[in-house]
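Chains as they are written, first to last, in the working numbering: chain A, 4 to 354; chain B, 78 to 349; chain C, 70 to 324.
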């Protein structure tokens, strides 16, 4: 009997060690729908992007021996969704439309952080005579289907009593759209924050943008966690959220603005173009990760509009989707509980 | 339905030795698709696959119906068919003369065939980046790509068709003092009809392939455009509906071709 | 029909030489917009740079591995199905209508479905490529086995061969030439599918990257270089296919 115990003991020890090791993943896979110029894997526009550029997660998890993998998809939101559907990603950032489509389509994601409002722009070739949407009726317009700018564009079109069908809409990814605008193969493109670089290069000019009414017309950004990953490794997710919230604080400091832009510029988009995109915008509010009533009300509104515009087939239960626990905990641990303003559903600051 | 063998009167085969008659082929043909459909439904009911990865068959049918109702289906279908039509026509207009010239003249073959073969080493898909930079993304692009896809099989098959005409035929023509045009009209043309059909068959399937490829890349309408829509907006029911449509199109084209070929071949047989 | 050895015939080079000459002349004299028609030297430069940097080798490796994996996978499945259809009329009647319908669907239409079911990585690409190989192998294996002549079947009965012997000594050798034809076609089709897969399912190294990047970056020289690489590889596969087909013919004539 004693002999049996002797042989079993080391085995038991090994098993218990194994069980402990199973509490940590071997790798954390991050996804991003943003690529830089030349398809380089550098993103911009949010604290999530700078977390990638600064390799913050690699530093954070080095001591645990957990590998960090980043995937930047030039196929943007839809490609991220495909990867999530195949369980190839653990944490992602997505614009509102693809995130809603994914959730409504049954992808198991949890909304853990908010990530800003991103502007949408309508550009025409620099030598074009078009000045309004009506001028472009029946012309070729490029929009990347399934991405946030498509919803933004659809909302703007609806306000002008126009539909996608009133134009010849072609789906093109960022680089293809830029190329098409340059050669004049398309008459207009809908695009996001990289718009000003096209203007600065003399390739296009802006006809419309959402900057005056960001909070209604622009796109929301979400940080999502794969539910399987989140349920299995909640402590890891907490650490990830802590890193992100800390980074959000750093990005919100006015003193750091130029540093933030420099990091974003590593994507290949010129500093000046990025600066123009956020001119006059409250950077602190734009970088706020708070899942406050205003943000949530906007999600609801976006979902309804997407459904009405036939971009979304299905419903999203926001209360089931969001998981603010990690955010609350992170705010406490980072000491940022009162750093950002919470806005109520009407957009008024509260508390 | 037993075959109490028709010769039972003559043989003394006992009645209990019957075998069920084989089911008619038509019925057999449907067993597999129906089984697959049943499995599909089962997979959904049992939760083997989630509905966002495998939409229920009814949803696909509903989507097809909705597309037909809204007029979207006919709009996009017509656009794609028109493109294939023009591309195919140009493919024939270029391919047939080219094949005939190379087939009839060994000199022409020596000069032209190597370059032709070299150019056809690059599949239509490979020409698209170049063509986009040259002609943009309008209808011209689609029609050029489709014609390119059609020209290769047409030319090669016509060429082969002419080459396998036995030399004896030409001697007969010479003996009968047939003029060039008559030789062509009464001899060469009919003899190449089977090869033409092979070429047309391959050309048509190539044309559809090229159409879908080019519409996936740079179209604002058409079946490929619908596929992109479905993929980007994660609407698998739309993607599957499009696949059904494309499959039906392919089938009907093939059936039409087979029927025309039958007719022409019958005529040919009766001509001799 | 005489098989003319084209590459030895000087006339074969006349047209290409003329075209290249025109190309060189027009870029030297500045007839054409250099953005739309770069000089041949620039294309050679780009080619050299890609070779030097090792990009060519990585791309080739990646593409060929994909191609081969898909080819082998698809051929194995195709052989299995084709053999089943060949020996069993019941299987043939059950499966061929569905198979023929499946065959009719324009190949690239599967891409959106595959990318949603398998993502955009290697798996989806290899599945696409195996689908391309699967079709000709199935058809030709089926035909090859089905056409094993009656006489051979009778011989096997006379000799009272067991099942394994029938397969190994009778059916397979007789069907081999046709199966070979199927494999030859599969080789060509899987190569075409590899190009398609790299085109539509993004990311990863590959031989089509120069072409695609060139289009995005307006680098016409890069696009032309990319096309030349594809043409050369296509020639290679074609040559292999022709060689294999000749082998199969010789086989057939021996029966």
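Glycine residues also receive a C-beta, built at the ideal position from the N, C-alpha and C atoms.
Assigned exposure category for residue i - 16 Cβ within 10 Å defines buried
| i | result |
| --- | --- |
| residue 307(A) | exposed |
| residue 75(A) | buried |
| residue 24(A) | Because the pLDDT of residue 24(A) is 46, which lies under 50, any placement of that residue in the model is unreliable, and the question is left without a value. |
| residue 96(A) | buried |
| residue 262(B) | exposed |
| residue 258(C) | buried |
| residue 377(C) | This structure does not reach residue 377(C), given that chain C is present from 70 up to 324, and the question cannot be answered. |
| residue 95(C) | exposed |
| residue 146(A) | buried |
| residue 163(A) | exposed |
Proximity below 8 Å, CB of residue i to CB of residue j
| i | j | result |
| --- | --- | --- |
| residue 107(A) | residue 318(A) | yes |
| residue 132(B) | residue 314(B) | yes |
| residue 248(B) | residue 157(B) | no |
| residue 191(C) | residue 135(C) | yes |
| residue 194(A) | residue 177(A) | yes |
| residue 206(C) | residue 143(C) | yes |
| residue 52(A) | residue 267(A) | yes |
| residue 296(A) | residue 346(A) | yes |
| residue 303(B) | residue 319(B) | yes |
| residue 210(B) | residue 150(C) | no |
| residue 327(B) | residue 258(B) | no |
| residue 278(C) | residue 139(C) | no |
| residue 276(B) | residue 231(B) | yes |
Contacts that residue i makes with chain E (C-beta to C-beta distance below 7 Å)
| i | result |
| --- | --- |
| residue 177(C) | Going by chain labels, chain E is absent from the structure shown, which instead holds the protein chains A, B and C. |
From the options, residue whose alpha carbon lies closest to that of residue i
| i | options | result |
| --- | --- | --- |
| residue 170(B) | 286(B), 109(B) and 227(B) | 227(B) |
| residue 291(C) | 86(C), 120(C) and 82(C) | 120(C) |
| residue 289(A) | 66(A), 120(A) and 64(A) | 120(A) |
| residue 310(C) | 253(C), 174(C) and 260(C) | 253(C) |
| residue 111(C) | 89(C), 181(C), 294(C) and 301(C) | 294(C) |
| residue 170(C) | 325(B), 222(B) and 340(B) | 325(B) |
| residue 287(C) | 259(B), 206(B) and 285(B) | 206(B) |
| residue 270(C) | 203(C), 210(C), 239(C) and 185(C) | 185(C) |
| residue 243(A) | 62(A), 26(A) and 40(A) | 62(A) |
| residue 209(A) | 94(A), 48(A) and 129(A) | 129(A) |
| residue 255(C) | 306(C), 155(C) and 98(C) | 306(C) |
| residue 153(A) | 48(A), 277(A), 49(A) and 305(A) | 305(A) |
| residue 162(C) | 242(B), 336(B), 102(B) and 310(B) | 102(B) |
The beta strand (DSSP E) enclosing residue i, as first and last residue numbers
| i | result |
| --- | --- |
| residue 155(C) | Premise fails: residue 155(C) lies in the alpha helix (DSSP H), 124-156, not in any beta strand (DSSP E). |
| residue 227(A) | 222-229 |
| residue 207(C) | Residue 207(C) -> not in any beta strand (DSSP E); alpha helix (DSSP H) instead, spanning 191-215. |
| residue 348(A) | Element bounds for residue 348(A): n/a, residue is neither H nor E. |
Backbone secondary structure at residue i - three-state DSSP
| i | result |
| --- | --- |
| residue 173(C) | helix |
| residue 117(A) | strand |
| residue 276(A) | helix |
| residue 214(B) | coil |
| residue 78(C) | coil |
| residue 300(B) | helix |
| residue 35(A) | strand |
| residue 145(A) | strand |
| residue 348(B) | Confidence is the limiting factor: at residue 348(B) the pLDDT is only 49, short of 50, which leaves the residue's position unreliable, though a coordinate-based value still follows. Three-state DSSP puts residue 348(B) in a helix. |
| residue 72(A) | strand |
| residue 307(A) | helix |
| residue 295(C) | helix |
| residue 125(B) | coil |
| residue 282(A) | coil |
| residue 241(A) | helix |
For residue i, the first and last residue of its enclosing alpha helix (DSSP H)
| i | result |
| --- | --- |
| residue 159(A) | 151-162 |
| residue 110(C) | 109-121 |
| residue 294(B) | 266-295 |
| residue 187(C) | 179-187 |
| residue 61(A) | 59-65 |
| residue 251(C) | 241-269 |
| residue 183(B) | 183-196 |
| residue 323(A) | 321-324 |
| residue 248(B) | 244-252 |
| residue 267(A) | 260-268 |
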